[in-house]
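Residue numbers (UniProt numbering): 1 to 117.
Put into structure tokens, the structure is as follows:
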């Protein structure tokens, strides 16, 4: 059996097992018919007014900036482990990566995205 056909067998088996587990969970799950069960409950206190609250756009911007620099950190650790083996080409590619991130940070800073309003 070749590697590609073995991969397909494992992939199909995984999908079948996950699908079977989801169907069994759906079949065995308790049914809730009580309308109070679907109510929003926050920190042990019933909510007052509407339960939905809008977040300011600033939260999303900080979250996106955090994700960008989190991905940078995740990509930096493997590079640091093989830095000597990559040679000058590896250093140039990482410097290019950092320059792009620095330009993005400078743009966000210039636009005032890092100031909390």
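Idealized CB from N, CA, C, for every residue including glycine.
Integer-rounded CB distance, given that residue j should sit under 8 Å from residue i
i	j	result
residue 104	residue 68	7 Å
residue 121	residue 89	Outside the displayed range of the chain (1 to 117) lies residue 121, so it cannot be described from this structure.
Coarse secondary structure for residue i, derived from DSSP in three states
i	result
residue 112	coil
residue 71	helix
residue 34	coil
residue 63	helix
residue 83	helix
residue 29	coil
residue 2	coil
When the options are compared against residue i, the one with the closest alpha-carbon
i	options	result
residue 116	80, 23, 16 and 59	59
residue 78	88, 94 and 63	94
residue 101	9, 75 and 23	75
residue 97	16, 19 and 73	73
residue 28	35, 11 and 20	20
Contact under 9 Å by Cβ, residue i with residue j
i	j	result
residue 113	residue 65	yes
residue 106	residue 61	no
residue 9	residue 1	yes
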